[in-house]
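Numbering (our numbering), first residue to last: 154 to 711.
Heads up, the beta-carbon is just placed ideally off N, CA and C, and yes, glycines get one too.
Since the structure is predicted, the reported quantities are computational estimates derived from the model, not experimental observations.
Data block below; observations after.
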Amino acid sequence: MQDDLNWFSSFLQTDDFKQFQTQPVAYFSAEYALSDKLPIFAGGLGVLSGDTIKEAGDRSFPLVALGLYYREGYVSQKVDETGSIVDGTVVLGPKDSGIVPVNDTFGNPIKLTVPIQDRHILVSAWKYSYKNVNVFLLDTNVEENSAEDRAITSRLYTTDKETRLKQEMVLGIGGIRLLEALRIHPSVYHLNEGHSAMLILDLMRHEMVRRQVSFQDAISLAKRHIVFTNHTLVSAGNEVFSNDLVSTMLHKYAEELQVPANEIVNLGLIQDSSRFSMTMLSLRIANRINAVSTIHQQKAKEIWADHPMEIVTNGVHIPTWDGEVGDDVLAYHTGQKQKLLSYLHVRTGVSWDEEDFVIGWARRMVPYKRPLALFQDVERFKSLATAEGRRVRVVVSGFAPPGDVDGASLMQQIVHLAKNELKDIIVYLSSYNLELARLMVAGCDIWINTPVVGFEACGTSGMKAALNGTIPVSTKDGWVDEAELFRIGWILDNDSISKSIHNALHDQILPMYFEQRDEWVAHMKNARAMSLNQFSATRMFRAYIERMYLPVLHAIEH
154 MQDDLNWFSS FLQTDDFKQF QTQPVAYFSA EYALSDKLPI FAGGLGVLSG
204 DTIKEAGDRS FPLVALGLYY REGYVSQKVD ETGSIVDGTV VLGPKDSGIV
254 PVNDTFGNPI KLTVPIQDRH ILVSAWKYSY KNVNVFLLDT NVEENSAEDR
304 AITSRLYTTD KETRLKQEMV LGIGGIRLLE ALRIHPSVYH LNEGHSAMLI
354 LDLMRHEMVR RQVSFQDAIS LAKRHIVFTN HTLVSAGNEV FSNDLVSTML
404 HKYAEELQVP ANEIVNLGLI QDSSRFSMTM LSLRIANRIN AVSTIHQQKA
454 KEIWADHPME IVTNGVHIPT WDGEVGDDVL AYHTGQKQKL LSYLHVRTGV
504 SWDEEDFVIG WARRMVPYKR PLALFQDVER FKSLATAEGR RVRVVVSGFA
554 PPGDVDGASL MQQIVHLAKN ELKDIIVYLS SYNLELARLM VAGCDIWINT
604 PVVGFEACGT SGMKAALNGT IPVSTKDGWV DEAELFRIGW ILDNDSISKS
654 IHNALHDQIL PMYFEQRDEW VAHMKNARAM SLNQFSATRM FRAYIERMYL
704 PVLHAIEH
């Protein structure tokens, strides 16, 4: 990590850095995990976005971020007495969220227009600041708008496709227009996933007006500035809409451009289909594209062979996720474990001992992540967990995406186990947030990661856990494929996941934890060193500058 810090110290003295000060990077994302007071995030994508913003601020890098202000945040889930999932919302107040309105030169709240369907919708903006980085959040809850339009930006990842498309038009088109209104002239536009792909269209409009060129010529001019990060190969993560819906929503916009709507839609058309893909639009127009791990890049090559990708493996913002570990990692971990156990007692009533071996699993409840892997053979796991002198306890947290029947079923099965066969052995915690994430990654003894190999683009929770001396136990997917876990953690067999976990626990992990404490502590120290040296956001952000931003900057200078 020190090499990366030294690199940044040198980079700040370069002409390239001075150029970025004049023409910053504009970073677009549908979600940001910046604070639990501003819960406009659902999961890993938002946490990665938030860590990127903080890293840019810590390195004094000229970056401005664009997102949406979801007054109802993301769906909050609780489990009732019957084990059923109850979705709810929490309405956010700007003052409580740490954001301030963005004003025009006259001191009035700024209002932009975004053409959607057959009308213009007014959009205001809010600002969240982290050091030198401003995050602008667009909001359609403007008095002059209709009730329907005011609700466009109400909730993150709404299941209504029409509203989702409108949100993405507000993010992309509205984002470009806000930057214009604020006289910010980026050199690079970084799309963190395809949700903001509509910015490509408005960047083309900008070039058409500025240079008086045709729509086709504007494509190549806009392309020079676009950087795209793909985070998932799973179909649910790659936004698709019907061509008819996109054409309808772009009607007014196409009129403004004086370009037929179908010509615009063709840019994102999935070959031999009548579907429009935000991912395909991004892939086709981006100057540079990156995957977020080596294995992700290899798998992406099989799907999108015509769109080569760089590799920028994700990392974590060290100050956010690193506790005050100091020289005694065991003493630190013991303190964090006590905090977690106290939290669990207050919240669930369980009374666990700090000598119990605590396993953590926390992420989205989707089939490919295999949240039930540890419990497939309930009797064998129960036998392991209740062995005299070697008690095992499990903390599970996460959420089922709204409308995801499979995810809801997985969640309900875990809740059922926690209330019945594995009562007092496992606990399920709903309402997963940043505070709970920090408690879990620092307080558990091992961090289980069970995705089907090839489906997890990267994953970062294991990096955070390792940073705190919590040992990784994982299939060889995402970031783990790039890590050497000898004397650090354990690799699980992808094809026999449940048996592999139980065998590793019985034969190696539990004996070392309970009988070879010095060796266990050595593993903890090695895990922490690995995370600091290989998986920091400092390393990641340097890679973005070197592999993605600088090539774009140099290309537009010539």
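Taking 8 Å as the threshold, find out whether the region 549-561 comes into contact with the region 511-521 through three or more Cβ pairs. yes
Which residues mark the beginning and the end of the beta strand (DSSP E) in which Phe429 is found? The residue you call residue 429 lines up with position 276 of the sequence shown. From DSSP, the beta strand (DSSP E) with Phe429 extends over Arg428 to Ser430.
Would you kindly work out how many angstroms separate the C-alpha atoms of Ile471 and Asp481, rounded to a whole number? Here the question's residue 471 lines up with position 318 in the sequence shown. Here the question's residue 481 lines up with position 328 in the sequence shown. Their backbone Cα atoms lie some 18 Å apart in a straight line.
Residue ranges of each beta strand (DSSP E) within the region 413-458, 3 or longer: 428-430 and 441-444
Less than 6 Å between C-beta atoms, sequence neighbours within five positions excluded: which residues of the same chain meet that for Asn391? For the purposes of this step, residue 391 is taken as residue 238 along the sequence shown, with counting starting at 1. Correct list, in chain order: Thr432.
Start and end of the alpha helix (DSSP H) containing Gln230? The residue you call residue 230 lines up with position 77 of the sequence shown. It is not in any alpha helix (DSSP H) - Gln230 instead sits in the beta strand (DSSP E) that spans Ser229 to Val232.
Contact set for Ala619: own chain, Cβ-Cβ below 7 Å, skip 5 residues either direction: Residue numbering aside, residue 619 sits at position 466 when the sequence shown is read from its first letter. Here the set comprises Pro625, Ala680, Arg681, Met683 and Ser684.
If you drop the 5 nearest sequence neighbours on each side, which residues of the same chain put their C-beta closer than 8 Å to that of Thr266? Here the question's residue 266 lines up with position 113 in the sequence shown. Excluding residues within five positions, the ones whose Cβ falls inside 8 Å are His273, Ile274, Leu275, Val276 and Arg330.
Closest by CA to Val387, which one among Lys319, Pro413, Gly325 and Ile456? Sequence index remark: in the sequence shown, residue 387 carries index 234 (1-based). Considering only alpha carbons, the answer is Ile456.
Going by DSSP, what residues sit across from Arg546 in a beta bridge? Stepping through the sequence shown from its first residue, residue 546 is reached at position 393. In DSSP, Arg546 forms a bridge with Val511.
Val548 burial status per 10 Å Cβ neighbour count (16 or more: buried): By one-based count along the sequence shown, residue 548 stands at place 395. With 16 or more other Cβ atoms within 10 Å, it is buried.
Taking the beta strand (DSSP E) that Trp505 belongs to, which residues open and close that run? The count along the sequence shown starts at 1 and reaches residue 505 at position 352. Here Trp505 belongs to no beta strand (DSSP E), and DSSP marks it neither H nor E.
With Leu265 as the anchor, note down where its beta strand (DSSP E) starts and where it stops. Stepping through the sequence shown from its first residue, residue 265 is reached at position 112. That run of the beta strand (DSSP E) goes Leu265 to Ile269.
Quick one: Cα of Glu321 to Cα of Ser340, how far? The residue you call residue 321 lines up with position 168 of the sequence shown. The residue you call residue 340 lines up with position 187 of the sequence shown. Their backbone Cα atoms lie some 22 Å apart in a straight line.
Length at least 4, wholly inside the region 463-535: the alpha helix (DSSP H) runs in chain order: 471-474 and 482-501
Please determine if the region 499-518 and the region 461-479 are in contact, where contact requires at least 3 C-beta pairs separated by less than 8 Å. no
Pro254 in three-state terms, based on DSSP: By 1-based counting over the sequence shown, the position of residue 254 is 101. Three-state DSSP puts Pro254 in a strand.
Pairwise C-alpha distance: Asp646 and Ile263: The count along the sequence shown starts at 1 and reaches residue 263 at position 110. The count along the sequence shown starts at 1 and reaches residue 646 at position 493. Going from the Cα of Ile263 to the Cα of Asp646 covers about 55 Å.
For Gln174, tell me which candidate among Phe181, Phe164, Ala183 and Ser182 has the shortest Cα-Cα distance. The sequence position of residue 174 within the sequence shown is 21, counting from 1. The shortest C-alpha separation from Gln174 is found at Phe164.
Using the DSSP secondary-structure output, state which residues sit across from Gly241 in a beta bridge. Locating residue 241 in the sequence shown gives position 88, counting from the first residue. Looking at the DSSP assignment, Gly241 forms a beta bridge with Ser229.
Uninterrupted beta strand (DSSP E) stretches inside the region 317-348 (no shorter than 3 residues): 341-345
Would you give the residue range spanned by the alpha helix (DSSP H) that Val295 belongs to? By 1-based counting over the sequence shown, the position of residue 295 is 142. Val295 -> no alpha helix (DSSP H), and no H or E assigned at all.
Taking only runs that begin and end inside the region 585-635, name each unbroken beta strand (DSSP E) of 3 or more residues, in chain order. 599-602 and 624-627
Quick check on the DSSP output: the alpha helix (DSSP H) that includes Thr205 runs from which residue to which? Here residue 205 refers to the residue found at position 52 of the sequence shown. Gly197 to Asp211 is the extent of the alpha helix (DSSP H) around Thr205.
For Ile412 and Gly347, I'd like the C-alpha separation in whole angstroms. Taking the first residue of the sequence shown as position 1, residue 412 is located at position 259. Taking the first residue of the sequence shown as position 1, residue 347 is located at position 194. Before going further, note that residue 412 is Val rather than Ile in the sequence given. For Val412 and Gly347, the distance between alpha carbons rounds to 23 Å.
Reduced DSSP category for Ile662 - H, G, I as helix; E, B as strand; rest coil: Taking the sequence shown and counting its residues from 1, the one referred to as residue 662 is at position 509. Reduced to three states, the DSSP call for Ile662 is helix.
Who are the Cβ neighbours of Asp204 in its own chain at under 7 Å, not counting the five residues just before and after it? Against the sequence shown, residue 204 aligns to sequence position 51. So the qualifying residues of the chain are Val469, His470, Thr473 and Ala690.
Leaving aside the five residues before and after Thr316 along the sequence, list all residues of the same chain whose C-beta is less than 7 Å from its C-beta, in chain order. Counting from 1 along the sequence shown, the entry for residue 316 is found at position 163. Result list for Thr316: Ile305, in chain order.
Distance between beta carbons of Gly210 and Tyr310, contact taken as under 8 Å: Taking the first residue of the sequence shown as position 1, residue 310 is located at position 157. Taking the first residue of the sequence shown as position 1, residue 210 is located at position 57. 26 Å between Cβ atoms; not a contact.
Sorted by chain position, which residues of the same chain lie with C-beta nearer than 8 Å to Leu318's C-beta, five sequence neighbours on each side aside? The residue you call residue 318 lines up with position 165 of the sequence shown. The residues are Phe394, Leu398, Val399 and Met402.
I need the straight-line Cα distance from Arg742 to Lys490, nearest angstrom please. With the chain covering only 154 through 711, there is no way to say anything about residue 742.
Please state whether DSSP places Pro262 in a helix, a strand or coil. Along the sequence shown, one-based indexing puts residue 262 at 109. Strand, per DSSP.
If Met351 sits next to Asn686, beta carbons under 8 Å apart, how far is it from one beta carbon to the other, in whole angstroms? The count along the sequence shown starts at 1 and reaches residue 351 at position 198. The count along the sequence shown starts at 1 and reaches residue 686 at position 533. With 8 Å as the limit, Met351 and Asn686 do not qualify as a contact, their Cβ atoms being about 39 Å apart.
Would you kindly report the start and end of the unbroken alpha helix (DSSP H) that includes Gly560? Taking the first residue of the sequence shown as 1, we reach residue 560 at position 407. Start and end: Val558 to Lys572.
Lys452 versus Gly607, Asp630 and Ser427, residue with shortest Cα-Cα distance: Taking the sequence shown and counting its residues from 1, one reaches residue 452 at position 299. The candidate whose alpha carbon is nearest that of Lys452 is Gly607.
When DSSP builds the beta bridges, which residues end up paired with Tyr152? Any property of residue 152 remains undetermined from this structure, which presents the chain solely from 154 to 711.
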